[in-house]
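One point on numbering: in UniProt numbering, the residue at position 581 of the sequence shown is 581, and numbering is uninterrupted.
Don't be surprised by glycine CBs; every beta carbon is placed ideally from N, CA and C.
From a predicted model like this one, the values you see are computed outputs, not experimental measurements.
This report refers to the structure that appears directly beneath it.
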Amino acid sequence: MSDVEFIDETRQDALDESAEKTDSEDDDSSEGTNTEDEDTDDDDNDESIESKHIKEYIEILTKIAGDKYNYDNYAELLEVAHQMNDLEKIRQSAEIFAAMYPLSPEIWLRWLKIESSLATTDEQVEKVEKLFQRALNDYYSAEVALEFAELAMKTSSKEIADRIWNTLIPTYGLHTVKGRSIFEAYREDTLTKNGDSPASFNRLARIYEQELKIPLRNMEDSYIEYKLLCEKYKEVITDLDAEKFERRYKQAKEALQKMLPHETALSALEAHCHQERADLYRKYIADCQSVLDDDEVQILYERMVTECCLDGTVWHDYVRYLHRCPPDPEENPTSPVFRQTEIDLVNRALRNCTWSAELYVEKMRIVERQAKPTSKMTILKIMEDVASAGLQTPEASVKVWLEYLTYLRRVTDFTSEKERDILRANFDLAWNQLGRAWGLLADSQCKILQFWGRLEYEALGEPSKGRDLWYSVMDSADNSTRVGLWIEFIELEAKRGPDAVRKLYKKAITCAGLDDPETLAAAWLRFERCNGTLDQLISCQELCNATIEKYYSTLSKNGPSNRAAKGKRPETGGTSTNKETKPTPTAKRHASSLDETASDDASGKKKIKRTHETGSVAAGEQQQEFKTPAIPALANSSKTSDNKPEAAAAAKQSNVPDDDGATEYIAKGDQSRQVFVSNLSFEVTEADIREIFPELTIESIELVASSSGKSRGFGYMQLARADQVPQALSYDRRPLNGRPVFISNVARDKASRQHQFKYSSAFEPNKLFIKGLPFNLGRNELEKLFAPFGRIKDIRIVCYRSGKSKGLAYLEYETDTAAKNAVLKMDQHVIDGFTITVAISSPPPKKNPTATEPNLAGGDSGERASFSLGSGKKQLIKGDVKQKLSAMIPTAVMKKSAATVSSSSDEKPKSNDDFRKLLLK
């Protein structure tokens with residue numbers, strides 16, 4: 001029976017029950033004339049409340065049938081069932097809930113307490129035992145485990161009790177905080193059921209010994225109890241190995257001392273600090289892994305995924321750990337933790353995080369490693385699950401498709417034409433489905449086409465088709481500006497011969513906006529030296545020199561105020577094209593202001609200090625700025641983190657003082673009480689600024705003016721007290737005349753002046769990232785759209801410096817559940833013709849792009865710098881160059897030359913005629 005059929009059947013039963021209740025009320029009203037009025041009124045009130053609950057129950061079932069992904073509907077259904085005090089309704093609603101989502105420990109505990117209190121016979125206890133096992137399979141919960149222990153102590157069946165303790169002790173006895181409570185319940189149950197006998201005392205001693213080798217909080221109390229037990233019953237307790245016991249106890253106590261600070265930090269966190277809790281658990285595991293057993297480490301992972309269940313990264317970490325350190329299920333066959341396999345764990349993870357591409361990728365790899373006959377069908381089923389789950393970003397979809405296509409590549413028999421065609425069909429299917437789902441945002445870097453094209457060049461054996469695919473790659477987005485892609489394309493074209501390579505080099509070097517033309521030109525020059533004729537080499541040098549000259553000319557025009565042009569441009573060398581390029585006027589002007597105290601860094605590039613008087617940029621800094629590779633911008637990608645739009649604005653803000661020459665206008669006065677204000681409209685006055693900051697006591701405002709007397713849009717604000725500076729910084733981006741006012745620290749160097757970005761860059765399950773919004777949509781309209789899903793804590797619409805909306809927003813709910821429901825309901829919602837994308841705010845890790853700076857040179861230029869890959873500039877000592885050159889001269893020629901030099905050192909220099917005769921000889 002499907003979920004929908006089960007829900008419909010339950011709803012029909014509820015309708016029938018409601019009808020019977022109505023008939024019963026009619027019968028009671030006709031036959032109850034002899035009862036007292038007060039009793040009748042009470043009964044009527046009770047029946048009306050019950051009827052109301054049944055009506056609510058039916059309405060919620062109807063809502064679930066229409067929208068089965070709304071988590072709140074299931075929670076509401078279960079709550080109504082509990083209000084009805086109807087055990088059958090509680091069971092029904094819990095099962096409906098569990099069919100779609102794992103039940104939280106709190107939900108399980110509320111249900112299990114009812115079932116456990118009603119279980120009296122062994123058969124009923126066994127049914128409740130199975131429910132507990134299901135609950136422990138969903139999440140690792142010490143609270144549920146303690147309730148399970150109560151059931152073991154309650155039952156009279158030794159078989160059932162032993163099963164329960166065999167489940168709890170190996171798993172929940174390892175819980176650093178709650179484990180001792182589990183062992184206490186176990187000892188009490190043992191003593192109660194076995195009485196005061198030697199066997200019972202020996203059993204208690206073994207339980208103590210098992211407990212005291214585990215690092216548990218307050219284990220010192222158990223140690224004292226154990227010592228007292230051994231002393232009191234030393235005549236009957238056997239098999240005591242004091243030395244071994246003390247050694248294990250000491251090791252456990254040392255491990256506990258290392259663990260307790262982490263436990264304290266975790267307990268101090270508030271419930272909503274999900275990312276901080278995940279980070280603390282990761283640090284906990286990293287710091288204590290060396291002193292813990294594998295089982296104890298796995299328990300920490302279980303606790304982490306339980307408390308951060310909506311964070312896909314913690315599940316991924318756990319899956320990778322289980323792959324490295326799989327437990328032995330034979331040691332603990334009844335443990336819900338240690339008997340689970342990798343596939344069991346990843347299935348648990350995907351029930352919690354259906355949107356995680358990394359988990360689907362991990363599941364495919366696990367299935368492939370199992371190498372079962374059904375693996376191919378299982379992986380195909382995983383792709384069907386991905387399609388129904390609906391990943392929230394195009395990047396996530398591309399990641400899963402790439403993994404699937406990579407798997408198909410590994411299992412394809414390339415000698416079979418049929419299998420080659422199947423692989424091509426899957427590539428085509430992936431590309432088309434991504435296009436239908438995401439439009440222009442689908443695989444903007446064309447990773448799938450790159451993969452497909454490379455296979456066509458190589459394993460699939462159709463280079464012409466591969467070339468067509470790679471041309472499609474280079475024609476998409478801004479791929480034509482990425483030199484790395486061109487070089488990879490050229491490497492593949494080498495299979496078609498040197499003419500094809502030369503043609504592609506020529507096409508690549510003439511593309512506008514190349515991010516690194518020097519590297520491309522150097523690669524082409526090397527190719528022509530190895531394969532080309534003299535004319536082809538000269539043609540290559542001329543075209544490359546012209547491209548690089550244009551590249552530097554463009555850079556100089558775009559940023560003369562903050563980029564120091566090179567005094568001499570690198571050239572590809574050659575014959576007639578090898579001319580020295582004169583410095584531009586801009587280069588001369590900046591060169592005159594460079595500090596003479598220059599030093600060479602490890603990469604061999606000279607760094608020159610920038611002086612505050614001129615604001616010039618050091619040559620080493622300029623070269624790094626030139627060579628930073630361009631990164632394709634995905635304006636509407638839902639993978640954009642919470643800090644990216646604002647971080648870009650913050651970066652611009654921190655540049656405003658330098659770009660506008662503000663370092664020349666540091667206001668006089670006490671800088672400890674000053675803040676820098678920028679991004680102001682040129683019409684803004686001091687009075688306007690004072691008006692929007694009524695909370696601050698402003699002593700003076702100095703707006704920097706141009707030579708014409710007009711405001712330059714920035715200035716300095718002097719506060720009455722230094723302690724008001726942090727308060728002023730908190731008002732950063734307060735709107736004034738439709739533009740956000742940027743507020744930052746006052747400092748001479750930019751690094752000190754730039755303040756920390758105030759928005760979180762971490763995973764926040766209760767915050768949404770929304771893109772594709774109409775540009776005129778305001779905060780109030782956005783709040784009305786998303787208010788039905790839960791209480792909204794904050795809304796932030798991302799704007800340009802001009803104050804105009806970028807079509808992006810961040811919306812923070814008070815609960816994770818509200819955010820999840822909003823994603824499910826509002827993603828791909830259409831507003832005024834704009835299709836919006838809604839996703840949980842999950843920033844990608846920040847990267848620090850590094851720039852490679854090859855110095856392109858050619859010909860026989862004596863000024864060419866020497867670079868090596870992966871190393872800095874080599875410091876040459878006197879004689880090194882001669883030694884290297886002499887290594888290339890044949891030994892016979894060297895001997896003859898040495899003899900000639902030594903014999904003729906006193907002779908006059910030979911004339912041209914003398915050399916002519918010597919050569920003829």
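Can you give me the Cβ contacts of residue i inside the same chain, cut-off strictly under 8 Å, excluding the 5 residues immediately before and after it?
| i | result |
| --- | --- |
| Ile114 | Leu87, Ile90 |
| Glu211 | Gly173, Gly179, Arg180, Phe183, Met219, Ser222 |
| Tyr226 | Ala205, Tyr208, Glu209, Leu212 |
| Leu434 | Pro394, Ser397, Val398, Trp401, Ala442, Asp443, Ile448 |
| Leu283 | Sequence check: residue 283 is Lys here, not Leu. Counting only Cβ-Cβ distances below 8 Å, and skipping sequence neighbours, we find His262. |
Would DSSP call residue i helix, strand or coil?
| i | result |
| --- | --- |
| Ala387 | helix |
| Lys507 | helix |
| Ser335 | coil |
| Asp478 | coil |
| Asp294 | helix |
| Asp317 | helix |
| Gln340 | coil |
| Gln674 | strand |
| Arg690 | helix |
| Ala99 | helix |
| Ser222 | helix |
| Glu695 | coil |
| Lys582 | Reliability fails at Lys582, whose pLDDT of 39 lies under 50, so the model's placement of it is uncertain and the value that follows must be treated cautiously. Looking at Lys582 - three-state DSSP - the assignment turns out to be coil, as it is neither helix nor strand. |
| Leu460 | coil |
| Asn352 | helix |
| Gly738 | coil |
| Gln392 | coil |
| Ile60 | helix |
| Ala119 | coil |
| Ile743 | strand |
| Leu731 | The residue you asked about is not Leu; residue 731 is Tyr in the sequence shown. Note: Tyr731 maps to coil in three-state DSSP. |
| Ala494 | helix |
| Leu680 | coil |
| Gly713 | strand |
| Lys706 | According to the sequence provided, residue 706 is Ser. The question's Lys does not apply to it. The answer is coil: DSSP assigns Ser706 none of H, G, I, E or B. |
| Asp880 | The predicted position of Asp880 is uncertain, since its pLDDT is 42 and thus under 50; no value can be drawn from it. |
| Ala898 | Low per-residue confidence applies at Ala898: pLDDT is 48, beneath 50, and the placement is therefore not dependable, though the value from the model is reported in the following sentence. Ala898 falls in the helix class under three-state DSSP. |
Leaving out the 5 sequence neighbours to the left and right, which residues in its chain are closer than 6 Å to residue i when beta-carbon positions are compared?
| i | result |
| --- | --- |
| Pro170 | Asn332, Ser335 |
| Thr264 | none |
| Leu876 | Reliability fails at Leu876, whose pLDDT of 42 lies under 50, so the model's placement of it is uncertain and no value is given. |
Report the CB separation of residue i from residue j in whole angstroms; it is logged as a contact under 8 Å.
| i | j | result |
| --- | --- | --- |
| Ala430 | Leu405 | 6 Å |
| Lys806 | Val798 | 5 Å |
| Phe451 | Trp470 | Wrong, their Cβ atoms sit about 11 Å apart, outside the cutoff. |
| Arg203 | Thr192 | Incorrect: roughly 12 Å between the Cβ atoms, too far for contact. |
| Asp530 | Thr481 | A small correction: the amino acid at residue 530 is Cys; Asp does not occupy that position in the sequence shown. Wrong, their Cβ atoms sit about 27 Å apart, outside the cutoff. |
| Ser802 | Arg734 | No, Ser802 and Arg734 are not in contact; Cβ-Cβ is about 15 Å, not under 8 Å. |
Is residue i near the ligand HEM, with its Cβ less than 7 Å from a heavy atom?
| i | result |
| --- | --- |
| Glu384 | Among the ligands in the structure shown, none appear at all, so the ligand HEM cannot be discussed. |
Please confirm if residue i has its CB atom under 8 Å from at least one CB of chain B.
| i | result |
| --- | --- |
| Tyr186 | The structure shown contains no chain B, having only a single protein chain. |
In its own chain, which residues sit with a C-beta less than 7 Å from the C-beta of residue i, not counting the 5 before and 5 after it?
| i | result |
| --- | --- |
| Glu863 | The predicted position of Glu863 is uncertain, since its pLDDT is 38 and thus under 50; no value can be drawn from it. |
| Leu345 | Tyr318, Val319, Leu322 |
| Ile795 | Arg779, Leu782, Glu783, Ala809, Leu811 |
| Leu359 | Gly312, Trp315, His316, Val346, Ala349, Leu350, Cys353 |
| Met259 | Thr176, Pro215, Cys288 |
Contact between the stretch 91-107 and the stretch 265-273: three or more CB pairs below 8 Å?
-> no
Answer yes if the stretch 825-832 comes into contact with the stretch 420-437, meaning at least three C-beta pairs across the two stretches below 8 Å, and no otherwise.
-> no
Pairing CB atoms from the stretch 303-319 with CB atoms from the stretch 275-284, are three or more of them under 8 Å?
-> In short, these stretches touch, since the Cβ pair count reaches three.
Decide if the stretch 115-127 is in contact with the stretch 136-144; the criterion is three or more beta carbon pairs, one per stretch, under 8 Å apart.
-> no
Is the stretch 512-520 touching the stretch 491-499 in the sense that three or more CB pairs, one from each, lie closer than 8 Å?
-> By the Cβ test, the stretch 491-499 is not in contact with the stretch 512-520, since fewer than three Cβ pairs between them sit closer than 8 Å.
Tell me, please, whether the stretch 666-685 touches the stretch 705-719 by the rule of three or more beta-carbon pairs shorter than 8 Å.
-> yes
Identify every run of the beta strand (DSSP E) within the UniProt domain "RRM" (766-843), keeping only runs that are complete inside it and at least 3 residues long; order them along the chain.
-> Unbroken beta strand (DSSP E) runs of no fewer than 3 residues, entirely contained in the UniProt domain "RRM" (766-843), are found at 792-799, 805-813, 837-841, following chain order.
Are the stretch 246-257 and the stretch 287-304 touching, with three or more C-beta to C-beta distances below 8 Å?
-> By the criterion of at least three beta-carbon pairs nearer than 8 Å, the stretch 246-257 is in contact with the stretch 287-304.
Okay, do the stretch 726-740 and the stretch 771-780 touch, 3+ Cβ pairs below 8 Å being the bar?
-> no
Please list the segments of the alpha helix (DSSP H) lying wholly inside the stretch 413-477, counting only runs of 4 or more residues, in order along the chain.
-> 417-438, 447-457, 463-474
Start-end ranges of the alpha helix (DSSP H) lying completely within the stretch 165-241, minimum 4 residues = Fully enclosed alpha helix (DSSP H) runs of 4 or longer: 179-194, 198-211, 219-232.
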